[in-house]
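Chains as they are written, first to last, in the working numbering: chain L, 1 to 243; chain B, 244 to 676.
The structure under discussion appears below in the form of structure tokens.
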């Protein structure tokens with residue numbers, strides 16, 4: 001398990017002895033057990049593991065869409081266990097970016113509007129500023145020509161590029177991606193990974209889950225989960241924390 | 244937020260079939276509401292116009308004169324003085340007429356019947372002449388002494404035609420029997436089921452029947468610019484007349500002919516003034532309108548309940564289909580109240596567009612029905628005092644219909660929207676829809 005050193009910058013994510021239990025009728029299932037983890041700025045980290053190992057659960061806790069049963073989850077300096085529902089939503093809006101496996105774009109809005117949406121929720125920029133920011137990002141992810149196409153008119157790879165732009169539009173501290181290439185063919189998946197790596201080189205912190213060995217091999221750091229516990233492989237320990 | 248409106252509009256357009264089905268239902272309910280309220284308004288206006296011509300003003304200043312404590316005559320003495328006060332003290336006065344009030348028996352060679360007999364000054368009764376539809380004779384001849392106007396049903400029962408004589412007999416207010424012969428000068432079409440019990444003679448003829456002097460009349464019928472102010476005007480007149488030295492009777496929700504026995508039992512003599520409204524004098528019309536209004540409310544409530552259930556069901560479906568979208572939006576930072584607003588906007592947009600379309604269609608349909616001059620069936624003609632279906636489209640009522648339908652259907656969307664807003668992002672995102 002990689003832990004940030006004292007000389008490293010303040011971690012964006014800090015998990016300490018986190019458990020997550022789910023009740024399935026009378027049975028309690030432990031999805032995460034005693035997970036401790038820190039993610040520093042600029043990392044390009046993969047959470048790897050087989051299906052059911054707890055990858056998505058861990059991302060959900062870090063993404064503040066779920067709460068830990070026990071332990072401490074600190075994101076962008078805030079202890080999420082002490083925040084209200086509204087505060088958690090604000091934290092997600094201002095500090096986190098999300099990329100989903102099945103893109104989850106708003107089907108009735110075009111690419112531009114989908115990317116613009118978090119800025120509208122933030123209410124910080126005026127129309128001209130929003131337009132500039134959105135178009136800049138659409139250029140960056142290589143989809144500016146499709147700005148006024150709705151998701152239904154885009155390919156899977158194009159949709160995921162829109163989702164990446166949407167995740168980045170608010171200058172989040174960290175972008176969380178749940179199996180971002182799982183619904184894409186291998187060529188498109190590679191292109192998306194290239195794009196994410198390029199954005200990481202420019203300073204964006206990424207944390208994503210996958211069980212694809214090809215994707216794992218591109219990671220700067222691998223956090224391996226098995227049965228809800230973090231298992232660190234020796235060769236991964238020696239890897240750089242940056243891509 | 245404009246984007247929420249855009250999302251709502253586009254989602255409605257995307258589910259065209261469902262939107263058209265529910266929107267159509269909302270529009271139909273709105274059409275029905277517009278037509279029902281227009282029918283109510285039309286009927287009310289028609290009944291009120293007819294009733295206030297036959298037997299009552301919007302407000303009436305009349306009263307009883309008691310020679311002894313055991314008698315009661317429905318007259319006012321020195322009516323000119325009373326009329327001057329009424330003219331001065333009535334806010335929103337449009338016009339007033341002086342009428343005589345009586346109750347007697349009409350006897351012909353063939354038969355007889357009891358009748359409420361009104362004494363009128365036909366030269367001052369423009370409305371009366373406009374509203375009555377004369378089958379035969381000439382209403383203007385009511386200016387002739389001992390002339391009488393009767394309705395068709397009376398003419399048939401007593402086998403009378405224009406020029407025939409009919410004897411009008413009654414008991415004077417001093418208790419003596421008296422009768423006069425009248426000549427039928429006009430026969431009118433019925434104005435509601437009670438019109439056959441009404442007959443009209445010149446005011447002076449009625450005075451002769453009851454042995455009254457020139458200064459005595461039955462009462463003053465007041466017509467207001469806004470009939471809905473009748474209650475307030477009546478209350479104001481009671482105070483004004485009291486201040487002018489008249490003894491004013493306590494308000495009783497009864498027509499004057501049902502007050503005889505009550506007044507007779509009271510221990511006073513002389514003149515007392517009674518101020519009433521059309522609702523007091525024509526309780527049948529009041530209850531007919533009340534029943535009609537209640538029927539409309541019940542029908543409307545049932546239709547509205549159906550629409551609310553429809554809106555809720557449609558939104559449940561929309562929310563089920565878009566659960567993952569809701570989860571994703573919550574994850575990227577959309578607050579609960581925004582999710583609520585997003586779905587309520589969808590419901591409100593559907594409601595506003597559909598009910599506006601319904602109002603437009605309803606108004607067109609109302610004008611179409613009026614233009615077609617549809618005949619009412621006989622029973623309704625008698626009760627509603629009109630031969631044809633008359634719809635009165637009033638702008639405030641139409642706007643109210645629009646507001647009520649749009650608001651209530653929007654309210655129907657709140658519960659499903661609230662449930663959507665309560666969805667946990669993590670569960671919504673992983674929903675299988």
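Yeah, the Cβ is synthetic: ideal placement off N, Cα and C, and Gly gets one too.
Out of the options, state which residue places its alpha-carbon closest to the alpha-carbon of residue i.
| i | options | result |
| --- | --- | --- |
| residue 188(L) | 50(L), 156(L), 108(L) | 156(L) |
| residue 678(B) | 632(B), 478(B), 543(B), 439(B) | With chain B covering 244 to 676 only, the question about residue 678(B) has no answer from this structure. |
| residue 181(L) | 113(L), 210(L), 114(L) | 210(L) |
| residue 375(B) | 673(B), 645(B), 630(B), 646(B) | 630(B) |
| residue 329(B) | 486(B), 404(B), 568(B) | 486(B) |
| residue 303(B) | 285(B), 410(B), 277(B), 336(B) | 336(B) |
| residue 422(B) | 650(B), 539(B), 410(B) | 410(B) |
| residue 355(B) | 658(B), 400(B), 362(B) | 400(B) |
| residue 458(B) | 532(B), 322(B), 469(B) | 322(B) |
| residue 517(B) | 667(B), 540(B), 493(B), 553(B) | 493(B) |
| residue 270(B) | 649(B), 480(B), 371(B) | 649(B) |
| residue 107(L) | 152(L), 20(L), 198(L), 179(L) | 152(L) |
| residue 39(L) | 26(L), 33(L), 53(L), 63(L) | 63(L) |
| residue 293(B) | 359(B), 273(B), 371(B) | 371(B) |
How should residue i be labelled, buried or exposed, when 16 other C-beta atoms within 10 angstroms of its C-beta is the threshold for buried?
| i | result |
| --- | --- |
| residue 367(B) | exposed |
| residue 500(B) | exposed |
| residue 240(L) | Bear in mind that the predicted position of residue 240(L) carries a pLDDT of just 42, short of 50, making it unreliable; the figure below should be weighed with that in mind. Exposed, because fewer than 16 other Cβ atoms sit within 10 Å of the Cβ of residue 240(L). |
| residue 126(L) | exposed |
| residue 235(L) | Because the pLDDT of residue 235(L) is 48, which lies under 50, any placement of that residue in the model is unreliable, and the number read from its coordinates should be weighed accordingly. Per the 10 Å Cβ criterion, exposed. |
| residue 388(B) | exposed |
| residue 385(B) | buried |
| residue 51(L) | exposed |
| residue 55(L) | buried |
| residue 10(L) | exposed |
| residue 148(L) | exposed |
| residue 281(B) | buried |
| residue 129(L) | exposed |
| residue 646(B) | exposed |
| residue 453(B) | buried |
| residue 237(L) | Interpretation of residue 237(L) is limited by its pLDDT of 46, a score under 50 that renders its predicted location unreliable; the figure taken from the coordinates is listed afterwards. Looking at its Cβ environment, which holds fewer than 16 other Cβ atoms inside 10 Å, residue 237(L) is exposed. |
| residue 614(B) | exposed |
| residue 136(L) | exposed |
Using the C-alpha atoms, what's the distance from residue j back to residue i?
| i | j | result |
| --- | --- | --- |
| residue 603(B) | residue 263(B) | 17 angstroms |
| residue 200(L) | residue 222(L) | 15 angstroms |
| residue 365(B) | residue 342(B) | 10 angstroms |
| residue 406(B) | residue 429(B) | 9 angstroms |
| residue 48(L) | residue 204(L) | 20 angstroms |
| residue 72(L) | residue 31(L) | 16 angstroms |
| residue 446(B) | residue 617(B) | 38 angstroms |
| residue 344(B) | residue 506(B) | 16 angstroms |
| residue 443(B) | residue 397(B) | 12 angstroms |
| residue 460(B) | residue 383(B) | 21 angstroms |
| residue 424(B) | residue 456(B) | 19 angstroms |
| residue 653(B) | residue 591(B) | 5 angstroms |
| residue 170(L) | residue 91(L) | 12 angstroms |
| residue 123(L) | residue 278(B) | 46 angstroms |
| residue 594(B) | residue 665(B) | 23 angstroms |
| residue 557(B) | residue 103(L) | 26 angstroms |
| residue 498(B) | residue 462(B) | 13 angstroms |
| residue 657(B) | residue 96(L) | 30 angstroms |
| residue 175(L) | residue 599(B) | 46 angstroms |
Return the bridge partner residues of residue i from the DSSP annotation.
| i | result |
| --- | --- |
| residue 210(L) | 48(L) |
| residue 340(B) | 464(B) |
| residue 414(B) | 420(B) |
| residue 392(B) | 429(B), 443(B) |
| residue 69(L) | None, per the DSSP bridge assignment. |
| residue 574(B) | DSSP lists no partner for residue 574(B). |
| residue 171(L) | Residue 171(L) is not bridged to any residue. |
| residue 356(B) | 349(B) |
| residue 453(B) | Looking at the DSSP assignment, residue 453(B) forms no beta bridge with any residue, so it has no partner. |
| residue 224(L) | 48(L), 231(L) |
| residue 30(L) | 21(L) |
Given 7 angstroms as the limit, tell me if residue i has its C-beta closer than that to any heavy atom belonging to the ligand GDP.
| i | result |
| --- | --- |
| residue 172(L) | Questions concerning the ligand GDP fall outside what the structure shown contains, since it holds no ligand whatsoever. |
Query raised in the report: What residues in the region 334-360 of chain B have a beta carbon less than 9 angstroms from any beta carbon of chain L?
Result: none
Query raised in the report: Listed from N- to C-terminal order along the chain, which residues in the region 21-45 of chain L have their beta-carbon within a distance smaller than 9 angstroms of any beta-carbon of chain B?
Result: none
Query raised in the report: Which residues, in chain order, does the region 637-655 of chain B contribute to contact with chain L at a C-beta distance below 7 angstroms?
Result: Of all residues in the region 637-655 of chain B, none has a C-beta nearer than 7 angstroms to a C-beta of chain L.
Query - Residues, ordered as in the chain, of the region 114-143 of chain L that lie near chain B by beta-carbon distance below 9 angstroms - result: 116, 117, 118, 120, 121, 122
Query - Residues of the region 44-69 of chain L with Cβ closer than 7 angstroms to any Cβ of chain B, in chain order - result: Cβ proximity to chain B below 7 angstroms picks out 60, 63, 65, 66 from the region 44-69 of chain L.
Query raised in the report: the region 563-587 of chain B: which residues have C-beta closer than 8 angstroms to a C-beta of chain L, in chain order?
Result: For the region 563-587 of chain B, which is checked against every Cβ of chain L, the residues closer than 8 angstroms are 567, 568, 570, 571, 572, 573, 574, 575, 576, 577, 578, 579, 581.
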